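Chains as they are written, first to last, in the numbering used here: chain A, 505 to 621; chain B, 95 to 209. Below you'll find the structure, written out as structure tokens, and then a few comments.
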Amino acid sequence: GAVVSQHPSRVICKSGTSVKIECRSLDFQATTMFWYRQFPKKSLMLMATSNEGSKATYEQGVEKDKFLINHASLTLSTLTVTSAHPEDSSFYICSAGIAGAMADTQYFGPGTRLTVL
Amino acid sequence: AQSVTQLDSQVPVFEEAPVELRCNYSSSVSVYLFWYVQYPNQGLQLLLKYLSGSTLVESINGFEAEFNKSQTSFHLRKPSVHISDTAEYFCAVSAPYNQGGKLIFGQGTELSVKP
Numbered sequence: 505g506a507v508v509s510q511h512p513s514r515v516i517c518k519s520g521t522s523v524k525i526e527c528r529s530l531d532f533q534a535t536t537m538f539w540y541r542q543f544p545k546k547s548l549m550l551m552a553t554s555n556e557g558s559k560a561t562y563e564q565g566v567e568k569d570k571f572l573i574n575h576a577s578l579t580l581s582t583l584t585v586t587s588a589h590p591e592d593s594s595f596y597i598c599s600a601g602i603a604g605a606m607a608d609t610q611y612f613g614p615g616t617r618l619t620v621l
Numbered sequence: 095a096q097s098v099t100q101l102d103s104q105v106p107v108f109e110e111a112p113v114e115l116r117c118n119y120s121s122s123v124s125v126y127l128f129w130y131v132q133y134p135n136q137g138l139q140l141l142l143k144y145l146s147g148s149t150l151v152e153s154i155n156g157f158e159a160e161f162n163k164s165q166t167s168f169h170l171r172k173p174s175v176h177i178s179d180t181a182e183y184f185c186a187v188s189a190p191y192n193q194g195g196k197l198i199f200g201q202g203t204e205l206s207v208k209p
């Protein structure tokens, strides 16, 4: 149980284009979804927290207009990197959180490797 | 606010040897503690967690961690490691969701198991 998927797993795009990454909780309804960014050999940096039906809460220093987050349902959240540039190249990981019954634990997706040329 | 310090960035060890990956945290409120494992080019997998109750928690693949409140530590141990345990290990802390719930990660410890 508690499986989270991400699509695509890997994407290469040209500078200036937009890329959408999907995060789905497959066998549970997630109270909250989180988006992280991970640089090589580094820890995870929380970018934003999203709750279904409400606006995402972004961490300090994360551009809201650059990284658009939509949380349309209890099983789907999307991250759109708008007008991507090479410095946006990174490993993006989502997680889905379950409060209460499954004891406040986050379950992570497999990640999406974004390369901007 | 919470913070996590993983004291070792790299831990090389021979197969079948014991290993300890150290993790210390700081927090002004009660927290939950987690260990996650990340294999190359993959997401994170939950290894074990402490939420309440017994301070010694175990995973299905032989790892264990003990919550020590007085020392604010949550060290991860395994009595005998395998080659397949080679991975990056992250310690994390969070407050309950109704108090924010954000996971704060340590910098990670690269465990390298050699034959």
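We treat Cβ as the ideally placed atom computed from N, Cα and C, and that holds for glycine. Note that the structure is a prediction, hence the values are computed from the model and not measured.
- Message: Helix, strand or coil for Ile602/A? Go by DSSP, reduced to three states.
- Response: One-based indexing of the first sequence puts residue 602/A at position 98. Note: Ile602/A maps to strand in three-state DSSP.
- Message: Under 9 Å, CB to CB, which of the residues in the stretch 125–158 of chain B have a partner in chain A?
- Response: Tyr126, Phe128, Tyr130, Gln132, Asn135, Gln136, Gly137, Leu138, Gln139, Leu140, Lys143, Leu145 and Ser146
- Going by CA-CA distance only, name the one from Ser547/A, Pro614/A, Ser558/A and His589/A that's closest to Cys517/A. As a working note, residue 517/A is residue 13 in the first sequence. It is His589/A.
- According to DSSP, residues forming a beta bridge with Thr561/A: Taking the first residue of the first sequence as position 1, residue 561/A is located at position 57. Bridge partners of Thr561/A: Thr553/A.
- Could you tell me how far apart the beta carbons of Ala159/B and Leu142/B are, in whole angstroms, since I believe they sit closer than 8 Å? Residue 159/B sits at position 65 when you count from the first residue of the second sequence. Residue 142/B sits at position 48 when you count from the first residue of the second sequence. Ala159/B to Leu142/B, Cβ: 6 Å. Contact.
- Given a threshold of 16 other Cβ atoms within 10 Å of its Cβ, counted over all protein chains shown, does Leu480/A qualify as buried or as exposed? What the structure shows of chain A is the stretch from 505 to 621, and residue 480/A is not part of that stretch, so it cannot be assessed.
- Task: Scan the stretch 544–573 of chain A for residues whose Cβ lies nearer than 9 Å to a Cβ of chain B and list them as they occur along the chain.
- Result: Lys545, Lys546, Ser547, Leu548, Met549, Leu550, Thr553 and Glu563
- Task: Establish whether the CB of Pro614/A and some CB of chain B are separated by less than 8 Å.
- Result: Counting from one through the first sequence, the residue named residue 614/A turns up at place 110. At least one chain B Cβ lies under 8 Å of Pro614/A.
- Message: For Thr99/B and Arg617/A, I'd like the C-alpha separation in whole angstroms.
- Response: Taking the first residue of the second sequence as 1, we reach residue 99/B at position 5. Taking the first residue of the first sequence as 1, we reach residue 617/A at position 113. Whole-angstrom Cα-Cα distance: 27 Å.
- Query: Does DSSP put Glu160/B in a helix, a strand or coil?
  - Reply: The residue labelled residue 160/B in the question sits at position 66 within the second sequence. Looking at Glu160/B - three-state DSSP - the assignment turns out to be strand.
- Since Gln201/B meets chain A, which of its residues come closer than 9 Å, beta carbon to beta carbon? Residue 201/B sits at position 107 when you count from the first residue of the second sequence. Within chain A, the residues near Gln201/B are Lys546 and Ser547.
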